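A short write-up of the structure that comes next.
Residue numbers (the working numbering): 68 to 226.
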């Protein structure tokens, strides 16, 4: 049986696809044009436009390959279709409080769409793994480099 891929939200998948389409449809053709023009200017060994263009094209091709592999490996999950919205699963927006009643609101998203500054934590992060399956009122301990920290689940919502 093939293992299920990492989850990603529809918005996260759309962002990956948009990046792929931009690279393939806009950036790469522009670089190809620059490289073709620069190649026609003679000696390529000292031609900065040609050398930079070739380097940038390799970077774009590498990123296109990476994005293609990621999109194939990911599993699209719509958070609004979770069967049990009283528990923390993929896509949940969770309000948690620590021992000092410091509260944080986090959204569990795919690892490709995480942004800690915006409160979006990756599905495979230590905190997200600890919160999986929790209900309001549950206490979860997260082992961090500076030591274990306990969090209480205060609220769970799905947008």
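The C-beta atom is built at its ideal place from N, Cα and C for all residues, glycine as well. None of these values were measured; they are calculated from a predicted model.
Problem set entry | Meets three-Cβ-pair contact criterion under 8 Å: the region 171 to 178 and the region 121 to 129 | no
For this session: Locate the beta strand (DSSP E) running through residue 171, then write down its first and last residues.
Result: 170 to 176
Exercise. From residue 81 to residue 74, what does the alpha carbon distance come to, in whole angstroms?
Worked result: 13 Å
Exercise. Roughly how many angstroms separate the alpha carbons of residue 69 and residue 140, rounded to a whole number?
Worked result: Low local confidence applies: a pLDDT of 43 at residue 69 is under 50, so the model's placement there is unreliable, with the coordinate-based value given in what follows. Cα-Cα distance, rounded: 11 Å.
Problem set entry | Beta-carbon contacts of residue 77 that lie in its chain and below 7 Å, excluding the five residues immediately before and after | 143, 145
Exercise. Taking buried to mean at least 16 other C-beta atoms within 10 Å of its own C-beta, is residue 173 buried or exposed?
Worked result: buried
For this session: Let me know if residue 92 comes out buried or exposed under the rule of 16 or more other beta-carbons within 10 Å of its beta-carbon.
Result: exposed
Exercise. Which residue from 163, 190, 168, 183 puts its Cα closest to that of residue 202?
Worked result: 163
Exercise. Residue 78 by DSSP, collapsed to three states: which one?
Worked result: helix
Exercise. Counting pairs of Cβ atoms below 8 Å between the region 148 to 160 and the region 104 to 121, do you hit three or more?
Worked result: no
Exercise. The alpha helix (DSSP H) with residue 217 in it runs from where to where?
Worked result: Note, residue 217: premise wrong, no alpha helix (DSSP H); beta strand (DSSP E) at 214 to 224.
Exercise. From 170, 194, 88, pick the residue whose C-alpha is nearest to that of residue 211; which is it?
Worked result: 194
Exercise. Near residue 87, which residues of its chain fall below 8 Å by C-beta distance, leaving aside the five closest residues on each side in sequence?
Worked result: 131, 134, 135, 138
Problem set entry | Sequence-distant residues of its chain with Cβ nearer than 8 Å to residue 186 (five each side left out) | 171, 172, 173, 174
Problem set entry | Per DSSP, the bridge partner or partners of residue 189 | 176
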